[in-house]
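Asker:
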Amino acid sequence: MPEKTHRIAVVGAGLSGLATAYFLGKELPDAEITVFEEESAAGGKILSERKAEFPHEMGPNGFLSSRREIFELCQELGLEVLFANEDAAKRYLWMDGALKRIPEGPVSMMTWGELSLKTKLSLFGDIFKKPRLEEDESLYDFVSQQFTEEFAMKIADPFVAGVFAADPKKLSMRSAFPAVFEAQRSHGSVIKGMKAAYKEKVEKGLAPAKRKRGRLCSLRGGMRSLPAELSKRVNLKSDTQVTTLNVEDEKPILCFDGQQHDFDAVIFATPADRTSEMMTAAMPGVAENLVHVPYTPVGVAVCGFSKTLDIPRGFGFLVPSNQESRVLGVLFSSQIFPENHAEGTTLRVMFGGAREPGLLDLSEEELKEIIAKELKEKLGVDDAMDFFRVIPWKRAIPMYELGHHKKVEYIQNALREKSIFITGTSLYGVSMNDCIVSGQNCAEQVKNYLRSKYD
Numbered sequence: 003m004p005e006k007t008h009r010i011a012v013v014g015a016g017l018s019g020l021a022t023a024y025f026l027g028k029e030l031p032d033a034e035i036t037v038f039e040e041e042s043a044a045g046g047k048i049l050s051e052r053k054a055e056f057p058h059e060m061g062p063n064g065f066l067s068s069r070r071e072i073f074e075l076c077q078e079l080g081l082e083v084l085f086a087n088e089d090a091a092k093r094y095l096w097m098d099g100a101l102k103r104i105p106e107g108p109v110s111m112m113t114w115g116e117l118s119l120k121t122k123l124s125l126f127g128d129i130f131k132k133p134r135l136e137e138d139e140s141l142y143d144f145v146s147q148q149f150t151e152e153f154a155m156k157i158a159d160p161f162v163a164g165v166f167a168a169d170p171k172k173l174s175m176r177s178a179f180p181a182v183f184e185a186q187r188s189h190g191s192v193i194k195g196m197k198a199a200y201k202e203k204v205e206k207g208l209a210p211a212k213r214k215r216g217r218l219c220s221l222r223g224g225m226r227s228l229p230a231e232l233s234k235r236v237n238l239k240s241d242t243q244v245t246t247l248n249v250e251d252e253k254p255i256l257c258f259d260g261q262q263h264d265f266d267a268v269i270f271a272t273p274a275d276r277t278s279e280m281m282t283a284a285m286p287g288v289a290e291n292l293v294h295v296p297y298t299p300v301g302v303a304v305c306g307f308s309k310t311l312d313i314p315r316g317f318g319f320l321v322p323s324n325q326e327s328r329v330l331g332v333l334f335s336s337q338i339f340p341e342n343h344a345e346g347t348t349l350r351v352m353f354g355g356a357r358e359p360g361l362l363d364l365s366e367e368e369l370k371e372i373i374a375k376e377l378k379e380k381l382g383v384d385d386a387m388d389f390f391r392v393i394p395w396k397r398a399i400p401m402y403e404l405g406h407h408k409k410v411e412y413i414q415n416a417l418r419e420k421s422i423f424i425t426g427t428s429l430y431g432v433s434m435n436d437c438i439v440s441g442q443n444c445a446e447q448v449k450n451y452l453r454s455k456y457d
């Protein structure tokens, strides 16, 4: 058996940490790679409950088929990818006391009765826009400038609620949606820029098959299948809390189990505040930038009904922030991925976020009452719930404020040519696709660093 050439620590066994360790193992098969996790189970906020009367997801509901990397990983791991039911293309907004179906493309958007003529003309006018060279903009300002404020409120605002649960007037367009931001800066037209970016993806072999592009996907057996399978392929040390990082003679030293342990490289894949705590002594500047990455609180409630409810066919609905609502949106979970759900109806309700964070402090009974009222008002659901479960994720999603890119640049410069690396959602994107891509990138960086230093 060959001697292990490098000792590498990955701190954090969420999807980013597990993916990084897995890809590192492929790049450096002789290295001793250990993943440290303070919880008893890996996976972070990816939480699938399959044994309940109504199987459900309490974390990410799925991933988009926008990149090949996650598909290739699932194939390597022997996981079966499920594509959302075709009805999931039907999405709704709650506006003016009714559900309004969102148009599925730019052509149907031009005939949608909920948009003014001014906004429709602005959609057509996108192709004539000139590049703007702002260093950063809020998502709300970006969309208002590129199109109209009406489009920002009716389309962008609820979309942001579904992805980040954030205030679109505070969310950085550059950091939250870098591809769209760069498309405008390079082409003026978002449509032209995104088409050019997709063409480049195709040329590099990174784009999915056209018929599958942009569809929501899950996994047979639930999203937890991915971290569970990755956990089997890495050396995982759970129930182990890393407390501090020190550096001596350029060598990183981690403190855990009451002792200090040295490594050739250390990768942090933990939430920003935890990474900051561990790095304060060794790298106070990096720690200071990390501690100022805020997180948005999001509550998730799963409501199960033994009968099939008479609700619209589709993905679910979101609510613009200028509408009266105690919820951010509702997913028709059992319609989206029927293979992963029981008979009857399972609804997944999102609440809290930047709009009403105090909801997460209410009791389960209080939340159940509020949600039942919302379901009755918006979907006409009078039936009593046969199943109800709620999780208040107090620090659910990193919030990329204006200027977030400056924090990332500072951290990258501070860690350049050092034995310490950071990956994951606190800096590099909040989606599951982002976790996989940042894990691949980090593994490549670690490999290059070790080879340049030791080979």
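Sequential numbering of the sequence shown, starting at 3, is according to the working numbering.
Glycine included, each C-beta is placed from N, C-alpha and C at the ideal position.
Predicted, not measured: the structure shown is a model, and the values here were computed from it.
Given 8 angstroms as the limit, tell me if residue 421 has its C-beta closer than that to any heavy atom belonging to the ligand COA.
Answerer: In the structure shown, the ligand COA is absent, as is every other ligand, since no ligand is present at all.
Asker: Pull the bridge partners of residue 265 from the DSSP assignment, please.
Answerer: Locating residue 265 in the sequence shown gives position 263, where the first residue counts as 1. In the DSSP output, where bridge partners are listed per residue, residue 265 has none listed.
Asker: Based on Cα-Cα distance, which residue from 344, 14, 66 lies nearest to residue 41?
Answerer: Taking the sequence shown and counting its residues from 1, the one referred to as residue 41 is at position 39. Closest by alpha carbon: 14.
Asker: DSSP on residue 306, reduced to helix/strand/coil?
Answerer: Looking up residue 306 in the sequence shown gives position 304. DSSP places residue 306 in strand when its eight states are reduced to three.
Asker: Could you give the distance in angstroms between the alpha-carbon of residue 144 and the alpha-carbon of residue 175?
Answerer: Locating residue 144 in the sequence shown gives position 142, counting from the first residue. Locating residue 175 in the sequence shown gives position 173, counting from the first residue. Cα to Cα, the separation comes out at about 7 angstroms.
Asker: My understanding is that residue 404 touches residue 146, with C-beta atoms under 8 angstroms, so please give their C-beta distance in whole angstroms.
Answerer: As a first step, residue 404 is located in the sequence shown; it is residue number 402 there, counting from the start. As a first step, residue 146 is located in the sequence shown; it is residue number 144 there, counting from the start. Going by Cβ atoms, the distance from residue 404 to residue 146 rounds to 15 angstroms, so no, they are not a contact pair.
Asker: Compare the C-alpha of residue 183 against each of 137, 207, 231 and name the closest.
Answerer: In the sequence shown, counting from the first residue as 1, residue 183 sits at position 181. Closest by alpha carbon: 137.
Asker: Can you give me the C-alpha to C-alpha distance between residue 457 and residue 412, rounded to a whole angstrom?
Answerer: Residue mapping note: residue 457 aligns to position 455 of the sequence shown, counting from 1. Residue mapping note: residue 412 aligns to position 410 of the sequence shown, counting from 1. One C-alpha to the other measures close to 28 angstroms.
Asker: Where do the N-terminal and C-terminal ends of the alpha helix (DSSP H) with residue 416 fall, by residue?
Answerer: For the purposes of this step, residue 416 is taken as the residue at position 414 of the sequence shown. Start and end: 406 to 417.
Asker: Am I right that residue 219 and residue 84 are in contact with their C-beta atoms under 8 angstroms? What's the rounded C-beta distance?
Answerer: Sequence index remark: in the sequence shown, residue 219 carries index 217 (1-based). Sequence index remark: in the sequence shown, residue 84 carries index 82 (1-based). That pair is a contact at about 6 angstroms.
Asker: Identify the residues that DSSP records as bridge partners of residue 347: which are they?
Answerer: Counting from 1 along the sequence shown, the entry for residue 347 is found at position 345. Per DSSP, 307.
Asker: Taking only three categories from DSSP, how would you classify residue 422?
Answerer: In the sequence shown, residue 422 corresponds to position 420, counting from 1. Residue 422: strand per DSSP, three-state reduction.
Asker: Please confirm if the stretch 341 to 356 is in contact with the stretch 284 to 303, defined as three or more CB-CB distances below 8 angstroms between the two stretches.
Answerer: Verdict: yes, contact present.
Asker: What is the DSSP secondary structure of residue 255, counted as helix, strand or coil?
Answerer: By 1-based counting over the sequence shown, the position of residue 255 is 253. The answer is strand: DSSP assigns residue 255 an E or B state.
Asker: Would you check if the stretch 42 to 54 and the stretch 219 to 238 touch, i.e. whether three or more CB-CB distances between them fall below 8 angstroms?
Answerer: The stretch 219 to 238 vs the stretch 42 to 54: in contact.
Asker: Note down the Cα distance separating residue 98 from residue 322, rounded to an integer number of angstroms.
Answerer: Position 96 of the sequence shown, counted from the first residue, corresponds to residue 98. Position 320 of the sequence shown, counted from the first residue, corresponds to residue 322. Their Cα atoms are separated by approximately 10 angstroms.
Asker: Since I believe residue 433 is in contact with residue 65 (beta carbons under 8 angstroms), could you give me their beta-carbon distance rounded to a whole number of angstroms?
Answerer: Within the sequence shown, residue 65 is the residue found at index 63, counting from 1. Within the sequence shown, residue 433 is the residue found at index 431, counting from 1. At roughly 7 angstroms, the Cβ-Cβ gap stays under 8 angstroms, so residue 65 and residue 433 are in contact.
Asker: Within 10 angstroms of the Cβ of residue 375, are there 16 or more other Cβ atoms? Answer buried if so, exposed if not.
Answerer: Counting from 1 along the sequence shown, the entry for residue 375 is found at position 373. Per the 10 Å Cβ criterion, exposed.
Asker: Quick check: residue 388 and residue 56, are their CB atoms within less than 9 angstroms of each other?
Answerer: Translated into the one-based positions of the sequence shown, residue 388 becomes position 386. Translated into the one-based positions of the sequence shown, residue 56 becomes position 54. In contact: residue 388 and residue 56 (Cβ atoms closer than 9 angstroms).
Asker: Note down the Cα distance separating residue 381 from residue 86, rounded to an integer number of angstroms.
Answerer: Taking the first residue of the sequence shown as 1, we reach residue 381 at position 379. Taking the first residue of the sequence shown as 1, we reach residue 86 at position 84. Whole-angstrom Cα-Cα distance: 21 angstroms.
Asker: Given this structure, state the Cα-to-Cα distance separating residue 67 from residue 118, to the nearest angstrom.
Answerer: Walking along the sequence shown from the start, residue 67 turns up at place 65. Walking along the sequence shown from the start, residue 118 turns up at place 116. Their backbone Cα atoms lie some 32 angstroms apart in a straight line.
Asker: Got a sec, what are the start and stop residues for the beta strand (DSSP E) residue 85 sits in?
Answerer: Here the question's residue 85 lines up with position 83 in the sequence shown. Per DSSP, residue 85 belongs to the beta strand (DSSP E) from 83 to 85.
Asker: DSSP three-state call for residue 400: helix, strand or coil?
Answerer: Within the sequence shown, residue 400 is the residue found at index 398, counting from 1. Correct three-state label for residue 400: strand.
Asker: My assumption, with CB atoms under 8 angstroms, is that residue 425 sits in contact with residue 36. Please give the rounded CB distance.
Answerer: Stepping through the sequence shown from its first residue, residue 425 is reached at position 423. Stepping through the sequence shown from its first residue, residue 36 is reached at position 34. Contact doesn't hold; Cβ gap of about 16 angstroms is too wide.
Asker: Put residue 226 into one of helix, strand or coil per three-state DSSP.
Answerer: Here the question's residue 226 lines up with position 224 in the sequence shown. Correct three-state label for residue 226: coil.
Asker: Can you tell me whether DSSP reads residue 272 as helix, strand or coil?
Answerer: Working through the sequence shown from its first residue, we reach residue 272 at position 270. DSSP places residue 272 in coil when its eight states are reduced to three.
Asker: Grouping DSSP H, G and I as helix and E and B as strand, with all else coil, what is residue 55?
Answerer: For this step, residue 55 is matched to residue 53 along the sequence shown. Here residue 55 sits in coil by DSSP.
Asker: Helix, strand or coil for residue 318, going by three-state DSSP, please let me know.
Answerer: Residue 318 sits at position 316 when you count from the first residue of the sequence shown. Here residue 318 sits in strand by DSSP.
Asker: Of the residues 282, 233, 366, 306, which one's Cα is nearest the Cα of residue 256?
Answerer: Locating residue 256 in the sequence shown gives position 254, where the first residue counts as 1. For residue 256, the nearest C-alpha among the options comes from 282.
Asker: Could you pull out every unbroken beta strand (DSSP E) segment of at least 3 residues lying fully inside the stretch 89 to 159, listed in chain order?
Answerer: The stretch 89 to 159 contains these whole beta strand (DSSP E) runs: 93 to 97, 100 to 103.
Asker: Take residue 120 and list the residues in its own chain whose beta-carbon comes closer than 7 angstroms to its own, dropping the five residues that flank it on each side.
Answerer: Taking the first residue of the sequence shown as 1, we reach residue 120 at position 118. Cβ within range, chain order: 150.
Asker: Let me check understanding here. Comparing Cα to Cα, which of 284, 349, 72 lies closest to residue 305?
Answerer: Stepping through the sequence shown from its first residue, residue 305 is reached at position 303. Residue 349 is the option with its Cα nearest to residue 305.
Asker: Please go through the same chain and pick out, in chain order, the residues whose beta-carbon is closer than 7 angstroms to the beta-carbon of residue 96, but skip the five residues on each side of it.
Answerer: What you label residue 96 is simply residue 94 of the sequence shown in a count that begins at 1. Once the five neighbours on either side are set aside, the close Cβ partners of residue 96 are 319, 321, 325, 327, 380.
Asker: According to DSSP, simplified to helix, strand and coil, what is residue 12?
Answerer: Here residue 12 corresponds to residue number 10 of the sequence shown, with the count starting at 1. Reduced to three states, the DSSP call for residue 12 is strand.
Asker: Tell me, please, whether the CB atom of residue 333 is closer than 9 angstroms to any CB atom in chain D?
Answerer: Protein chain content of the structure displayed is limited to a single chain, and chain D is not contained in it.
Asker: My understanding is that residue 265 touches residue 254, with C-beta atoms under 8 angstroms, so please give their C-beta distance in whole angstroms.
Answerer: Here residue 265 refers to the residue found at position 263 of the sequence shown. Here residue 254 refers to the residue found at position 252 of the sequence shown. Contact holds; Cβ gap of about 5 angstroms.
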